[in-house]
Amino acid sequence: MPIVDLEKPLHHTTPSPNHDATRPTSDPRPTLEKTTTVREIYHQVHRFSKNKFKFSHFQSTMVREVVSSMTGEILSSITGEIVSRLFSSTTELIGDAWSCEDELRGLRESLNMIRAVLNDAERRQVRDESLKLWLQKLEDVAYEVDDVLDEFAYENLRQKIEVGNQRQRKVRDVCSTSNPGLFSLSMANKIKAIHESLVKVDDLANKYGFAKLLLVESVDTNNEMIPNRETNSFLNHSDVIGRQNDVSKIVNLLTIATKHQLSVLPIVGMAVSKSETLFLNEDFGGDISRVRYLSIESNGKVVPRIPSSKDDVRRLRTFVSKYVMHHSTLLNFHCLRVLKLYGMYIKELPNSIGSLIHLRFLSISVLSIEALPKSITKLYNLQTLRIEGCGNVIEHLGDLKQLINLRHIYFPCGFNQTLKDVGQLTCLQTLLFFIVGQDAGYRIEELGCLNQLRGKLDLWNLEHVRDKEEARRANLGEKAKIYKLGFYWMRWGSEGDGNHENDEQVLEGLEPHRYLKSLTVDGFGGKKFPSWMLTSLDAWDGILLFGNLIEIVLRGCRKCEVLPTLGLLPYLRVLTIEGMDDVRRIGTEFYSNYNNGSNGNMLFPALRKLHLIRMTNLVEWTDVMEEPATTTGLMVFRCLEELTIQGCSQLTSAPCHFSSLKKLDIGDMCSTTFENIISKLTTLKSLEIWKISELICLPEKLLQNNTSLLSLMISECADLESIVPHEDVWGFCSSLRSLQIEDCWKLQIQGVPSHLQRLEISGCVNILPTGLQSCTSLTQLKIWSCDNLISIPELRGLHSLIELEIWDCPKLTRLPEGLESLTLLKSLEIGKFYEELDDFPSLVSIEHLHASLQHLQLKGWPKLKSIPDNIQGLTALKILYISGFDGMETLPEWLGNLSSLQTLGIYHCNNLMYLPTAQAMRRLTKLETLDIYFERVGTYWMQGPYFSA
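If you read the sequence shown in the numbering used here, its first letter stands for residue 82, the second for the next number, and so on.
So this is what it looks like as structure tokens:
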């Protein structure tokens, strides 16, 4: 079976609910002969339209698809899935009601026969304007048919859910229980109106001779055919109406909501034209009757107004709203298939959402709401429900089991929503997590029938599973489309140790399918892992069980003493082992349980990343390459590029053979172990060292052997006195571009490489290293928390500098010289200097940065009564943070001059009483976020413009 790379996006095909997996790939059904012409198609449309009051499901489908296929702007693809869906959803409802079952069968055969010609016709471009208008009218009828058929489908679902699934009922019974004939009468009237509309369209065709025009167009465009195009939800970037700079924004809004394509295929598929996509942030009084995609964004002052009668929005299928909620007009958007609402300004959601019976996709991302409308559970056609960023919601959504068409549920893991009776959602394909409960409807057995689940699934609160048999009822072994699986036990306080025997039995019963690609086990309380996690060969075919695993995470399994054998997994790329307190030794069993290197003399043949974290009692990590019984030619970790060893303070021995290692993050161990691990490294590009005890200097060979080193970070090495003992510290580091030194109090830095691009020094030196002025390639310079630093050399030569931070240096009394020459500087963070200063050091030198500086953070101290006046000319400034000016009572009026300001944050200015006047604040027309924090009252946070005229 082909292996899918976990780090690459996985593309899932969403089948029709009636998809027959047993059907052969080659369609044996008859196809149309090549001699069939567009004229014949027209005559079939003409003949069908004359069939009084028997305008059936497939007649409307055929007409609709002719329309969609034959106009230059309205092109679609006829697929078997569309045919199957339409036929199955309405044969029962319409066929029985109007006694046209035989005709439906005949129409189905006819539709199959003309499919090939329709596919051919969609490649032809219609140029005649009158013909385009006629096709447009025919298309209008197709929209009406689409909505009527959808209403039938909804009522059928409502009947099954609210009254009971009684398939023998006819459509005349599928209606309001208080008035059995009401629904049938309403639908009959609508179908009659559709028929009359089609007759009018047919009369126009006869009057103006469109049959001949169709034939002429077919002949004339024979050499101008356009290729087949797949109908999809992506937009034509050049045709979006609205702000041209925001074309990509609306495309993202309409397409990134889910990684899966909607299961419902577009019945009226078409390319998006200029009149069909509208992106607004202001009033619009034009004609929107043909708009299909509408996005509205409020500027916080005015809610854009649009025509919103039912006639105005009869074609609207997708509505995206940011910061605004149209309570009154949402009812008129009755044909919506996609609704996406997000933004802080939406305080509540109307219950009228439940009346949007055609909805397939609903996305809500609103931080301010406290409750979701209960009416959402009436959206029986809904297939995708996405709720995120709604942390204030305290009421459960309700009975989601009624949404039997749901394919995809996207809830954040922290969302206060425990799904009950999820097992009844048998169409479900996406369920990111399931929280196991002890009561009926919340138990793990709810997952048993959900064999269409795919992608990622995390199971939480597994401590509530009683035994192995109950775990088996989840039926994970049959869910072959799940590629990423997580098991989580949550225990706190006295429950932390749990029942290790029960945990072992439960995990044994949760055995997944063998083609799993990612596995996480977190909080497991057992002493040993289940048998299915132990690397073994299938007795039947000799294939490694779970040999497709690409990623494994073992975290918080505190009682486990031995790691499973993982070295033979041929595709394992990422391995994380964290918080396993009882593991004292990683021995040869970790690599292989057969003769060393039996798998082609390679162990961990594909492993790229290995993380050992918080293994507090780990003493020995066996280097299998150094074992006496090791087979000649054995290769271990040959592809390992990233190694992390953190929090393993007891470790005394570890491997040193990492021939391809590029990144090493190592800390919290003694220098002897550290020096052994790095002794044979030659390919490093990034090295992070922290808390290495008794380390006086780095081994000289470390820098000599790794000449491609790009980044070096050293932190909290209390005994470190120098980088290396050699006088020419940086002679071997011609590739080094980033250097970070943090909290190494004894360290004396002997100069810096002139080719550095990033330098960060904190919590250490009294004097900055020499040669700083020669670092002409430096783009980032950060100096902070240096308690004894008195001065900083001038920075005049650092012409490439983009980001500068100098703060929390309590003996510093002035800024460095030469700031005016930093013409590329975009970000500046300064302050928290000598607290006896009555004024902030002069910022005259940054006045010249008015065109470049975009981000400024000023950190004050208690004696300061005002912020520096020099910044009022920084008209390019977009972000301003002010903190620690305790003596300041009023913000200056000139703050309103910062015309580009988008974000203003004020923190710990505890005596501040007044903002600038409203007149000054109104001049900040681009301000989007105002964030104020006072210790006495907490946080005041808003988003959007706040000062209306």
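Note that CB positions come from ideal geometry on N, CA and C, so glycine has one too.
Fully enclosed alpha helix (DSSP H) runs of no fewer than 4 residues occupy 581-590 of the segment 581-619, in order along the chain. Judged by DSSP secondary structure, M1002 falls within the alpha helix (DSSP H) whose first and last residues are 999-1003.
Between E527 and G558, the gap from beta carbon to beta carbon reaches 8 Å or more.
Our two residues, C638 and D663, have alpha carbons roughly 9 Å apart in a direct line. The closest CA to that of Y523, considering only M994, I242, N542, is found on N542.
Annotation: the continuous alpha helix (DSSP H) that includes K549 extends over 549-553. Between the segment 811-820 and the segment 780-792 there are three or more inter-stretch CB-CB distances shorter than 8 Å, so the stretches are counted as touching. Secondary structure note for L784: its alpha helix (DSSP H) is the uninterrupted segment 781-786.
If you draw a straight line from the Cα of D520 to the Cα of N432, it comes to about 30 Å. The alpha-carbon of R636 is positioned some 45 Å away from that of S379. In the DSSP annotation of this structure, F813 is not part of any beta strand (DSSP E), being labelled neither H nor E. Looking at D283, N237, L765, the one whose alpha-carbon comes closest to that of L214 is D283. Per DSSP, E756 is not a residue of any beta strand (DSSP E); the alpha helix (DSSP H) it occupies stretches across 752-759. A Cβ-Cβ contact shorter than 8 Å links L397 with C416. Y564: member of the beta strand (DSSP E) spanning 563-569, first to last residue.
Minimum Cα-Cα distance from I427 among the listed residues L437, F414, S402 corresponds to S402.
Cβ contact annotation for S741 (same chain, cutoff 7 Å, sequence separation greater than five): R719, C720, L721, E722, T764, in chain order. Partner residues in the beta bridge of R666, as assigned by DSSP, are E701. Judged by pairs of C-beta atoms under 8 Å, the segment 794-803 touches the segment 768-776, as three or more such pairs exist. A straight line joining the alpha-carbon of L688 with that of Q727 spans about 19 Å.
G648 sits away from F627, with the two beta carbons spaced by 8 Å or more. Out of S908, S923, D889, the CA that lies nearest to the CA of L896 is found in S923.
By the Cβ neighbour-count rule, A234 is buried, with 16 or more other Cβ atoms within 10 Å of its own.
Taken atom to atom, the span from the alpha-carbon of G941 to that of Y995 is near 18 Å. For T410, there is no enclosing beta strand (DSSP E), as DSSP marks it with neither H nor E.
When C-alpha distances from I377 are compared across S370, R371, R386, the shortest belongs to R386. For E769, DSSP records a beta bridge to D746, M794. Residues of the same chain with a CB within less than 8 Å of the CB of Q731, apart from the 5 flanking positions on each side, are T697, N698, L699, V700 in chain order. For M969, the closest C-alpha among the options G607, E210, D919 is that of D919. Ranking D548, N847, Q938 by CA distance to the CA of I830 puts N847 first. Rounded to whole angstroms, the gap between the alpha carbons of K565 and K537 is 5 Å. DSSP places Y289 within a helical segment (H, G or I) once states are collapsed to three. Under the DSSP definition of a beta bridge, M706 lacks any partner. Within the same chain, P834 come within 6 Å of W811 by CB-CB distance, once the 5 residues on both sides are set aside. Relative to D868, the option among I842, C856, G852, L885 whose CA is nearest is I842. Counting every other CB atom within 10 Å of its CB across the protein chains shown gives P943 a total below 16, marking it as exposed.
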